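Protein chains in written order, with my numbering: chain A, 884 to 1455; chain B, 241 to 829.
Just so you know, even glycine gets a beta-carbon here, dropped at the ideal spot from N, CA and C.
Since we're looking at a predicted model, the values are computed, not measured.
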């Protein structure tokens, strides 16, 4: 809730004017019965047709003024509602951008998407209705109660009691259904997950002829969503009948007491009619209110889900240093260890590695041995659990993250490109790159041909780079990293889809670059790293050896095996 | 035109619950009838009160008794009304949520039947938005439509009848002014429909950005792209805000405008009624009491118009959404399997590719005149530079895409005459881009054979060397893997994909860079299992590691969509052609 107010701040004027204009309109509505009373008491009683016509013109005028008030009110309410949610979505999106890998892993993509879309929409509807009705409805309800007690002070108690009973029902239902609405949104997350997954896994699902079972499993998820929706629906369905009973039973009692009071001479018949009218007015307003409460309940549940993301602060504290120490080492890892959140065992342990500026470092090891975990420590995607990582002589935790990452370029294992032109994609890490620089990088990455085939720098790339082959994507992602002109270039098994010829020319071209970058190459292929200045061999998260190719052939059994498997005809 | 057809499609979905519909309508009639009747009973009671002797005490006991009996009846009816209203809501809930579930299921089912060319070229976020957001909107609109449309209409009819009974002149005035209200509502909603449609589209575009940027948030971070991602998002967000403001504002005009029309009606009833009361002759004159009842009903009569117009805007919004869902549901499907005339069953594995041509975009031909004969049990390796058409060939073998010219035959039967399932059941596929579903490790391995026993699953996992890492996972084979493989490494995901195929063992195999992320030591160990698996099975292997390729019976060297060389390893080396170059570059630096 606090969040909503926070976002309302920019729309203070709208959020105030909207409800106030609504109140003006409601006040005009309250005048109408007075005019009717005048028509009856003066016009009809005296037979003055001119007076009747005049009063009816007043009615029209009130209607027109009401129209003017409410149209303006609707505008301000809509502006505030759209403004609040637009601001909310924008900060949510930006906030997600500040979260570290650890939080992103925990939240899950689908859930974040539901929060940004479906939940935000609910909040928008909720804020809009709240501004329109929140002041108006209680104003009419309590106004009617005050008018009633002006007629007969004894009635104040019974009106008060009725309103109390109504509040219990309305808020009771709201409290019960609130957590259920959260459950609805959670089920929706499940539906989103299934849908996303089936879009990305279409080939595998079809290859295994799993279409039917996927539909069945979606059916289960969607059915679960439907069941919770129906459950909430059943509870909310109580709202209207219950309020109807309370009000009408109150009217029955009112008429009964009224009759007795008339009989005893305490009230006139006309006053009873007036009391009845006020009770009816409360009913009409409450029906609106009940519908509004349902919408608001949903909105509050959704706002809670959005808030809970906004409340997560990155577990990573940003540093302040924005200059290296000018060390001779580009990179130093000291006894670094990493245990992922929720994992029982460390994924990396005892990693010590030093790389001088301009050196090429090879990282090799078995599947799941921690190669990707190791490089994730360098741009601070994850923080070490113990030990330290230094870039240019400064602990990465002391750098401002933005500065740190501006010095490093990573080519991830999974080659993903964004929808957009080749140029847009190449400028991902360096907004101001010129076409010349881009072409230079494409050349080094052996990707110039790929870009030309797509129609040059203006060629269009589909979401994820789906209109490219795996190898083409990899070459473009390498070029994308080079455009950044990094001091440290990390290639995370980035050449796996490249044929050996391309891979070899790529390595040659990178070596010949004049930027003097320190290059880290993660690879499965001994040939890709054997000429590195230093190689670290990982085995199950721990280093099995650090040294040059020749040294490792002597000292590391794991390295020998890897090398043998690739170069000696498979003989181990 | 479009609007109407969307509506009729929605109605056909509702039609599945036709046994509930009459019940809902009957309950609506009961609810409205009773709601209109209760005030009459109360009115009668008030009339009795008016007739009482003011301060008459005991003299009024008869009147009081009459009032008590009237009120007693009213109480019974009030309870009955509530019950009917409650049951009606329950039924309407049921219909609305079931319909949206049905639509959602159909939309999802459609995803499974769309051609891959559609999925490859449409933004996934947009399809997602249609399947999830738009169906939600549809159910909201339906719910409101059901609960308020019927009751609204019935209230109008009921009130009309009562008005005519009370005073035909006043009733006539109301009837004449009614079209004003309808006209106003129509005028506005006609305009808002397009705005809502534009809003849905803007939402779809925004969801696509969200899907792309949040789905790849790690990449965004690695390139410090957050700032520009935010800018892109904000741009879409502002665009949506602009359209939303217009859509919400214009749709919210319906209420004030119809309410203004109501005031006009109310003023007219007051004028005509009051004038009749003053000047009416014996036959047409009305009492002050009747006038207040008339005014009360005039008010009640116009209220449902408000509600209906509100419902109509919501309904418009839903129709716009429904239109988008139906666009998806009706998108052109893969050519049906209905035309299948032949059955493959358990294939031998003989494959002939006969003068095949194919292109993704007509203006850029990719494969032309490709021919190849593969005997059953042969091991075919496909090598060539990136983008030479290897993956395309697999797309064609699996019938993810269909050939544009020529023919592919399996066991002499053209694949186009087989059902896709019939063909795909005979082929095991491991792709470079591994994909795992969210679920347990066990479920993922048993994907192709859900009935496999634990022993069989473990055996497959051992053969693919996945067993040792699975064992170390927190819950072993029952470890839940999140979206997109969760925290597993690329290589581990690949091992699971291999285990998946090792469990099914179909007669033909396609291995597209199946071991690209697996270290060579593990790969060597898997290799023996692979060799065993490929024994007697026709296999197509795409690999960059020529060591994997060496043992193939036939090596196809592809370049620019054509087979440029073909032969065994030694033959090709002797030829000293393109393959020779590729092979030697493995050791070049």
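Contact of residue 261 of chain B with chain A by beta-carbon distance below 9 Å is absent, the smallest such distance being about 17 Å. The Cβ atoms of residue 1372 of chain A and residue 1328 of chain A do not sit closer than 9 Å to each other. The residue among A:955, A:1335, A:1418 and A:1424 with its C-alpha nearest the C-alpha of residue 1439 of chain A is A:1418. Chain-ordered, the chain B residues with CB closer than 7 Å to the CB of residue 1262 of chain A read 462. Residues of the segment 1010–1044 of chain A with a C-beta atom less than 7 Å from some C-beta of chain B are 1011, listed in chain order. Rounded to the nearest angstrom, the gap between the Cα atoms of residue 1283 of chain A and residue 1235 of chain A is 23 Å. Taking all protein chains in view, the Cβ of residue 1295 of chain A is crowded by 16 or more other Cβ atoms within 10 Å, so the residue is classified as buried.
Nearest to residue 920 of chain A by C-alpha distance, out of B:321, B:636 and B:510, is B:510. With fewer than 16 neighbouring CB atoms inside 10 Å of its own CB, residue 309 of chain B falls in the exposed class. Relative to residue 1377 of chain A, the option among A:992, A:1425 and A:1247 whose CA is nearest is A:1247.
In terms of beta-carbon proximity, residue 669 of chain B lines the interface with chain A, with at least one pair separated by less than 9 Å. If you look at residue 1238 of chain A, you'll find it in the beta strand (DSSP E) that goes 1231–1239. Beta-bridge pairing by DSSP links residue 796 of chain B to B:622 and B:806.
Listed in chain order, the positions of the segment 789–809 of chain B with a beta carbon within less than 7 Å of a beta carbon of chain A would be empty, since no residue qualifies. Beta-bridge analysis with DSSP links residue 1269 of chain A to A:1220.
Around residue 692 of chain B, the same chain offers 686 and 743 as residues with beta carbons nearer than 7 Å, after the five sequence neighbours per side are excluded. For the segment 740–771 of chain B, residues whose beta-carbon sits nearer than 7 Å to a beta-carbon of chain A comprise 753, 756, 757, 758, 759, 760, 761, 762 and 764. If you check the CB distance, residue 709 of chain B and residue 643 of chain B do not come in under 9 Å. With at least 16 other beta carbons inside 10 angstroms of its own, residue 326 of chain B counts as buried. The beta carbon of residue 1275 of chain A sits no closer than 9 Å to any beta carbon of chain B.
Taking every protein chain shown into account, the CB of residue 401 of chain B has fewer than 16 other CB atoms within 10 angstroms, so this residue is exposed. Look at the segment 470–488 of chain B: the residues with a C-beta under 8 Å from a C-beta of chain A are 470, 473, 474, 477, 478, 480, 481, 484, 485 and 488.
Between residue 594 of chain B and the set B:646, B:767, B:555 and B:635, the nearest pair of CA atoms involves B:646.
A Cβ-Cβ distance of about 6 Å is found for the pair residue 1393 of chain A and residue 1402 of chain A, placing them in contact under the 8 Å criterion.
The segment 981–1036 of chain A is shown to contain whole alpha helix (DSSP H) runs of 4 or more residues at 984–990, 992–997, 1003–1016 and 1019–1034, in chain order.
Contact check for residue 605 of chain B against residue 801 of chain B passes: the beta carbons are separated by less than 9 Å.
Residue 966 of chain A belongs to the set of residues whose beta carbon lies under 9 Å from a beta carbon in chain B. Going by beta carbons, residue 470 of chain B and residue 1001 of chain A fall outside the 9 Å limit. Taking CB atoms only, residue 436 of chain B has no neighbour in chain A less than 9 Å away.
In its chain, beyond the 5 residues on either side, 763 have a beta carbon closer than 6 Å to the beta carbon of residue 755 of chain B. With respect to the C-alpha of residue 564 of chain B, the residue from B:477, B:370 and B:305 having the closest C-alpha is B:370.
Between residue 1277 of chain A and residue 1208 of chain A, the C-beta gap is smaller than 9 Å, which places the two residues in contact. Collapsing the DSSP output to three states places residue 896 of chain A in a helix. Cβ neighbours of residue 366 of chain B within its own chain (closer than 7 Å, five residues either side excluded): 444, 447 and 448. With distances taken between CA atoms, residue 1167 of chain A lies nearest to A:1123 out of A:1420, A:1123 and A:1196. Annotation: residue 1337 of chain A is outside any beta strand (DSSP E) and is labelled neither H nor E by DSSP.
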